Each structure stands twice: as C-alpha cells, then as structure tokens.
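Below is one structure; the comments refer to it alone.
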Amino acid sequence: MSALRRIFPTFVVAFFLAVTWVAPASAVQQAFLVQNSGWMEPFYTDPNSQFKPLIAAVVGAAAGPGDKLSLLAFSQTSGTNVSPRALGDIGTAGVVIPSLAALGLAHKNGVTSALADTDFQEAIGSVIRTTFQTKPGIIWIFTNNKNSPGNDPATAARNLDFYRMLHLEPSITRTLVFPLKMPVQGKQYAARGLMVYALAYGNEADNELKKILANGKLSSVLTRQPARLKPVDQDGVRIVPQSVLNTPDVKASIGSDQRTLVLDVDASKLVPTVRLKASLENLFYPYLISHANVQGTLRVAQHTMPLSVAPAQVESLAPGQRKSIEVKFNLPLEEVPSPWSHQSIAAMGKQVIIPMTVEVGLSDQQLVLPDSFKAEMAELFPGDPISDVFVPPASVHVSMTRVPLLVRVQYPMLPVLVAIGTALALVAALVGLSLFSARSTRYAVNVDGVRRQIVLKPFRSLVIQDSEGRPVGTIRRGFGRPQLSNVLPGHTLTLV
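The sequence shown begins at -6 in my numbering and counts up one residue at a time.
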C-alpha cells in the first residue's frame, strides 16, 4: 500500500471532490493512453501490426457527442523523455489516425539512446491530475502488459503492483480488461497478445462506461467479452424468468434491457403470492462462482418484503451459465389500484405499471478463475501473472444485485365505459335542465275572483299583487305544476 500512497497521494480526496462535479448530459472526458516504451517494439515495427488501426477503431466506437477526447503516449519519464506525452486533444475520433501516424518508440535521451521504460502508475496518475483535473473520466490503456519502471526486469512483480492499485484504489470505480490476440514480430521482441484496459475514475465515469458498453458499438471492434476486474461486489447475477408455477394467469418475461423482470396479469386475476420458476445466471465473467449463499428482498417504494430463493446456495456456477431456481414472494396488493380507482380509469383500459426492485445478495461469495481462462491468458501473455490480476480482494465476500421488477396490471374496459356513460348522462341532464330552465310558461290565476295571466320560468317565484298593487300571495314553479303560498288573509288566490 505504501507504493499506492506515493503514486496516488491525493486520489481519495480528489475523488470525493470529483463526485460533486456534474458532467454535461451525454458527455464525458476520455483519455486514450498508448504505450510506446521499448517493450512495445514489435507493435510498432511489424509491417502487419494492427495496433494503431485498433486504437483508432476503439476511439471511434467509444466517443460520443460532446465528449472531450485526449490521446497520449506513455512510457516512463527519464532524461529528456516525458511521460505521458499528449498527442493532442483529438476532439473527434476522425483525427486519431493522423495523430497516431507519427508516433514511434520513446527513447530516454533522444533517438540514439536506449528505449524508454514503462511506468503504468505514473501515466494514470498524470492523466487524472493533469488531463482530467481530478474530475470524472474514462481512461483507456493499450499495452502489451509489461510494466518495467527503471528497466526493472521483474515485470511480473511490477505488474502485480499495478494490479493491486486497480483493485485497491477507491477512486477507480470500474476496471474492464479486453485481452486480445495480436501476434507481432519485431527486430528485438515478439508478442502474442495486446491488453486493452478501461478504467472509470469516479461514479459518473462508471455510469458512462456502462452506457458505452450497452450501445453495442464497442463490441463490433472489441468482439471479445470484457473481463471484469472491478467491481466484484455488485451485479454478479441476473434472474431469467421462465414461468409462474402457482397460476396460469400471471405471465413472466424479461424486459428489452435483458435485466428487468416483467409480470403481466389482469386486474381481476391477481394472486397474493407469486412462485416464479427462473434461472440464476452468473455475470461475473471471467469468474466461476465456486460457492455463495443466496438471499433475496423485494422492495416496493420505501417498504421491503421478504423474498425467498430456492435452492439458497450456488455451487460451481461458471460464467454465463445458469442454475434453475424458484423465487417466491407476495405481491403488495395494497399497492395495486382498484379497477374503479382514478388511476385505473385514467389508464383507459390499458396497463397500470407498478415498479418494484428485487435485491439478490450473495454472501460467503467465493470467486475463482477457471483453468481454461488461465491457460488462454498464459498463451497470450507468457510469464505474466494474469491469474493474480483477477484475484478479488480478500475483503470482498458479499455482492448485491438489484433487479428491476415491473408488475403490469391490465384493467378491463367496463369501469371506463361506465365512467364515460355516467359523464355523458350527466352532460345530457345538464343540457336538458338548461333548456328546461329557459322555457317560460303562461298560467291563469284568479286573484280575488279576477282572472289574470302569469308568465313563469322553472325554479322561479313571483309575488302576485291585487289591482291596487298590494301583495296577495306567492306563486312558485319547480319541475311540475306551480304552487301557491303565503296568501294573505282576506284575499283569495287560485290556480286555474
């Protein structure tokens, strides 16, 4: 750890400062570090080398609109050689080839001196402090995986120092590794493979790196699945639904993101408990889950509910393989709107979606590297302790995966039709009442034996007076025949 403190003396502080910085929407700063030390000689001198074209293709696939892109060559600072050396803010991927065209091997003191050595930590630290200004960003490293600061012949030991840094440095939130087959033969050295690293510095960069992987452009260039070096405490498994065991009326499927669980059910056929037949898939490539205990929780809004997984243990689950499981949980029926509720009627006979989250935890987690992967890496990088790269820190024995769950409740049209019919009837009644209220009717009334004609609208009243203007009584009209009231003594008032 002392070496880490020397190389990254302010990284932890810088990281916590960086998380308060918000990058522009859909934009991220990215640095592409290209190794050009002496160990890289065959990649530069072999006339059939695809090294530089690969770099350009990766930049083009990873770059997004508005991204700030920097291209840098790195070896080790010594004499007149400075590392890393900026090849320019390339701005867009289209200018990568011209920037790379003149790049050759670095020398310690001019072109006639010895070839430069390599220091990975120096290059990464400089990019974060200088290029990124300690703000979140993604670092891509193109290397033959030989770390030799000070011409140290013990490259395996120096690689271990680099791997420990990747595991233990908290500001590096995600590390992906693309081991590629690229046989090259130079005048001094030969190589069989090339390693491409993708490091996310800060949480925002982690999110952007995941988006780059998800959009599919990078996989058309780096066709091999990336090996995840970090993190190994999250997103280790996914649940692939197959069917609902206890009722045929609830249909299970997986969303277009290949993560979200979807349950479809009619409102009239809801059941309190769901028993889901599914598969648990290992996403910890390249690790084999040698052993883990499985626990589950269902989270709805701010509440948690128990969720059981059977069997509750995983043994020897290879990367990409699936194990049959049964997931059982109760539906929060109190969260499901009534068919006559405002939310259901507003859905117009369509679906009401209730979002939930399934939390799947692995405890006593034991990850091991398959022998087949070790053998493949030993073939590409002979003498490199690749198996030690992928050994998770001893403190990591627990991981958590959060799986979105959507319950889509299909509501019938009857409540909608009733609501529409009621609304139309009410409108018709109001219109009829308005027309009725506007119609005046003439009535004959005997006032003290004298017939008179009275014109009266519905829901109106009128004080009737005698020939001398004195009140005699009141006539009131509602829906039906008018009514006479308040007839003063000594007078007669009748409706003819």
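Backbone N, C-alpha and C fix where the C-beta goes; we use that ideal spot for every residue, glycine too. None of the values given here were measured: they were computed from a predicted structure.
In or out: residue i buried (at least 16 other Cβ within 10 Å) or exposed?
| i | result |
| --- | --- |
| G462 | exposed |
| P241 | exposed |
| A18 | With a pLDDT of only 46 at A18, under 50, the local geometry of the prediction cannot be trusted, and the value read off the model is given with reservation. The residue is exposed, with fewer than 16 neighbouring Cβ atoms inside 10 Å. |
| I205 | buried |
| I121 | buried |
| P482 | exposed |
| A56 | buried |
| V438 | buried |
| I132 | buried |
| A16 | Unreliable placement is indicated for A16, whose pLDDT of 40 sits below 50; no coordinate value is reported for it. |
| K262 | exposed |
| E319 | exposed |
Classify residue i as helix, strand or coil using the three-state DSSP reduction.
| i | result |
| --- | --- |
| S92 | helix |
| N239 | coil |
| A20 | coil |
| Y190 | strand |
| A107 | coil |
| Y156 | helix |
| E162 | coil |
| L206 | helix |
| R435 | strand |
| T350 | strand |
| Q288 | strand |
| L423 | helix |
| Q314 | coil |
| N41 | coil |
| N200 | helix |
| L169 | strand |
| L47 | helix |
| Q114 | helix |
| T487 | strand |
| E461 | coil |
What is the rounded straight-line gap between the Cα of residue i and the Cα of residue j?
| i | j | result |
| --- | --- | --- |
| V214 | A54 | 7 Å |
| M188 | F36 | 12 Å |
| S272 | S283 | 17 Å |
| G97 | G31 | 10 Å |
| T166 | V225 | 11 Å |
| G313 | N138 | 26 Å |
| Y190 | T168 | 7 Å |
| R231 | V75 | 46 Å |
| V480 | L423 | 34 Å |
| G473 | K450 | 11 Å |
| D459 | V465 | 6 Å |
| I347 | P325 | 10 Å |
| V489 | Y436 | 8 Å |
| Q288 | T216 | 34 Å |
| F155 | V384 | 13 Å |
| N239 | G130 | 48 Å |
| A245 | E201 | 30 Å |
| A198 | V21 | 7 Å |
| Q306 | A387 | 21 Å |
Can you confirm whether residue i, when its beta carbon is compared against all beta carbons of chain B, has any partner nearer than 8 Å?
| i | result |
| --- | --- |
| A99 | The chain inventory of the structure shown lacks chain B, comprising one protein chain alone. |
Check the DSSP bridge columns for residue i and list the partner residues they point to.
| i | result |
| --- | --- |
| L477 | I468 |
| D259 | Q403 |
| E34 | The partner list for E34 (beta bridge, DSSP) is empty, contrary to what the question assumes. |
| G81 | L64 |
| P397 | T350 |
>> Could you check whether the stretch 22 to 32 touches the stretch 108 to 119, counting it as contact only if at least three pairs of C-beta atoms, one from each stretch, sit closer than 8 Å?
In response: yes
> So does the stretch 412 to 420 actually touch the stretch 370 to 377, counting three or more Cβ pairs closer than 8 Å?
Replying inline: no
>> Would you call the stretch 250 to 269 in contact with the stretch 289 to 300, where contact means no fewer than 3 C-beta pairs closer than 8 Å?
In response: no
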